[in-house]
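Numbering (my numbering), first residue to last: 302 to 568.
Positions of the beta carbon are idealized from the N, C-alpha and C atoms, including for glycine.
Fair warning: this is a prediction, and the values are worked out from it, not measured in the lab.
A short worksheet on the structure shown next.
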Amino acid sequence: MNGRFGIALGSACVAMMTGCSTGWVNANETADLTVMIGQPEVARAASLHVETEAGDVTIKPAEGNPRILAHVRAQTRARADATTVHARLEQDSILSIGVDWPDGKRRHNESCNLTIFVPSMNGVEVWTNAGDLDISGMAGLLDLHTSAGDVEIANHQGEVRLRTSAGDVALRDISGPISIETSAGDIRLIRVDGPVEASTSAGDVYAELNAGYTGQIRASTTAGDINLNGSTFRGRHGQVAVGSNDSGVTSTFETTAGDVEVKVRSE
């Protein structure tokens with residue numbers, strides 16, 4: 302059966318609001334909210350969906366009660382106090398978290414940062430138009446979308462899919478396939494199983510694949526150096542085989558302007 306729940310508790314922090322000579326209004330009024338997530342609902346939730354128009358999203362394993370800490374920045378005191386965060390169980394098994402702005406609309410420069418503490422979920426999806434993402438200790442498919450922001454992922458048991466228009470990407474200790482696309486930013490991968498598909502229009506790419514990786518490693522850059530598992534390539538493309546050529550596994554690393562370095566760890 303379907304269940305829904307949502308609690309939004311807010312305590313405001315006093316700040317001064319100033320105008321801008323161009324006619325834009327700064328979002329200088331802030332409020333901090335704590336949303337407690339009920340244990341029965343968390344027990345029924347198998348996966349997590351987070352959506353916010355603007356703001357950083359941090360997801361960590363819960364130590365103690367599952368909860369959400371939110372920091373709201375709004376144009377007016379009234380809007381800061383009226384903004385809430387919901388946590389609802391949808392489709393029987395999806396914990397859905399989002400921001401509810403007054404009158405259903407976020408105004409210029411307004412944002413809400415979310416720090417979410419939940420048990421390890423088997424599947425996480427995050428959407429934000431502008432904000433950094435920091436996620437650790439989850440499992441299953443991790444599907445992330447941000448138009449502008451840096452992304453950090455650590456200790457993930459499962460596949461990672463990431464799309465960002467502008468921002469650096471840093472992943473470590475990932476035990477599943479990885480797919481990354483960023484229009485502008487560096488990509489850094491440490492202790493990942495692969496296979497990997499990583500591309501950036503402008504930035505360096507560095508990757509350390511875990512020991513035991515077998516398959517092809519391919520790289521390309523329009524302007525930069527390529528080093529694949531100790532082999533240096535002077536052209537725009539490079540390819541090496543690691544272990545068995547019959548594995549059918551291929552990892553690709555691409556950048557339009559930047560260096561590419563990939564190696565397989567020895568232990």
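| Check | Outcome |
| --- | --- |
| Leaving out the 5 sequence neighbours to the left and right, which residues in its chain are closer than 6 Å to Ser-412 when beta-carbon positions are compared? | Ala-355, Gly-356, Arg-374 |
| In whole angstroms, give me the CA-to-CA distance for Gln-458 and Ala-379. | 42 Å |
| Distance check for Ala-512 and Val-565, CA to CA, integer angstroms please. | 6 Å |
| When you compare the CB positions of Asp-560 and Gly-525, do they come within less than 7 Å of one another, or not? | yes |
| Can you tell me the Cα-Cα spacing of Val-315 and Thr-377, whole angstroms? | Bear in mind that a pLDDT of 31 at Val-315, under 50, signals an unreliable position, so the model cannot answer this. |
| Using DSSP's beta-bridge definition, name the partner residues of His-457. | Ile-475 |
| Out of Gly-544, Val-351, Ser-521, Ala-508, which has the shortest C-alpha to C-alpha gap to Leu-445? | Val-351 |
| So Thr-515 and Val-563 are in contact, right, with Cβ under 8 Å, and what is the actual spacing, rounded? | In fact, because the Cβ distance is near 14 Å, the residues do not count as touching under 8 Å. |
| Could you spell out the range, first to last residue, of the beta strand (DSSP E) harbouring Ala-508? | 506-510 |
| Just to confirm my understanding: we take Thr-557, look at its own chain, exclude 5 residues before and 5 after, and list those with CB closer than 8 Å. What are they? | Thr-501, Ser-502, Ala-503, Thr-522, Thr-523, Ala-524 |
| What's the C-alpha gap between Asp-469 and Val-461? | 15 Å |
| Cα-Cα, which of Arg-464, Gly-424, Ala-520 is closest to Gly-572? | It is not possible to answer for residue 572, since the shown part of the chain is limited to 302 through 568. |
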